[in-house]
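Residue numbers (this note's numbering): 532 to 718.
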């Protein structure tokens, strides 16, 4: 199997592979272009995001300092407010629902590396999809790890590290993030 096929199948793959790295190079170029667009020209930003990402809904704003690994693996619903310096490592798919707010300096990463030093020296990685529901507020400096699903009507407190699924209608905080309260869905 080619390394890109392993990546897509969710298997461990060599991230230094030419085809795999070509996706990252393209994403780096696109992020540079996106981040150079006048921050007050929301229409131009939106038009470029429609070319750069897998899909985007209406009323999307992603602040300056945005970076990603692929771009085409990011799927966004309507009404996203994504603050500055957000990184989405979308080696695998990242699905973001409707009416989502993401705080500054947040990391959403679908990719991880082996615990073994040999595996890291061999430049191996493995990736798993991330799903974020509707009406979610992710505070600043949050880290969301591979394979996580965050339900709808969820608030993730600033600085949390999300390493497991968060159910609908929850407030989750801490390192690692734990649900501390149920949130009423008043919609």
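Here a beta-carbon is modelled for each residue, glycine too, at the ideal position from N, C-alpha and C.
Fair warning: this is a prediction, and the values are worked out from it, not measured in the lab.
6 angstroms CB neighbourhood of residue i in its chain, flanking five on each side removed
{"i": "residue 581", "result": "587"}
{"i": "residue 683", "result": "664, 665, 666, 699"}
{"i": "residue 548", "result": "534"}
{"i": "residue 668", "result": "632, 686"}
{"i": "residue 707", "result": "692, 694"}
{"i": "residue 690", "result": "672"}
{"i": "residue 716", "result": "684, 700"}
Reduced DSSP secondary structure (H/G/I, E/B, other) of residue i
{"i": "residue 580", "result": "helix"}
{"i": "residue 633", "result": "strand"}
{"i": "residue 533", "result": "coil"}
{"i": "residue 671", "result": "coil"}
{"i": "residue 561", "result": "helix"}
{"i": "residue 612", "result": "strand"}
{"i": "residue 544", "result": "strand"}
Bridge-paired residues (DSSP) for residue i
{"i": "residue 606", "result": "586, 626"}
{"i": "residue 599", "result": "619"}
{"i": "residue 643", "result": "657"}
{"i": "residue 571", "result": "Paired residues: none, contrary to the question."}
{"i": "residue 703", "result": "687, 710"}
{"i": "residue 638", "result": "618, 674"}
{"i": "residue 693", "result": "675"}
Cβ shell of residue i (< 7 angstroms), same chain only, five flanking positions each side left out
{"i": "residue 583", "result": "561, 565, 602"}
{"i": "residue 595", "result": "566, 570, 615"}
{"i": "residue 558", "result": "599, 600, 601, 602"}
{"i": "residue 579", "result": "564, 565, 568"}
{"i": "residue 597", "result": "562, 565, 566, 617"}
{"i": "residue 636", "result": "616, 671, 672"}
{"i": "residue 585", "result": "603, 604, 605, 606"}
Neighbourhood of residue i by C-beta distance below 8 angstroms, restricted to the same chain and skipping five residues each side
{"i": "residue 590", "result": "609, 610, 611"}
{"i": "residue 697", "result": "679, 680, 681, 682, 685, 687, 703, 708, 710"}
Report yes or no: do three or more beta-carbon pairs, one from the stretch 600–618 and one from the stretch 626–643, lie closer than 8 angstroms?
-> In short, these stretches touch, since the Cβ pair count reaches three.
Inter-stretch contact (C-beta, 8 angstroms, three-pair minimum) for the stretch 571–580 and the stretch 545–554 | The stretch 571–580, when compared against the stretch 545–554, does not touch it at the 8 angstroms Cβ threshold.
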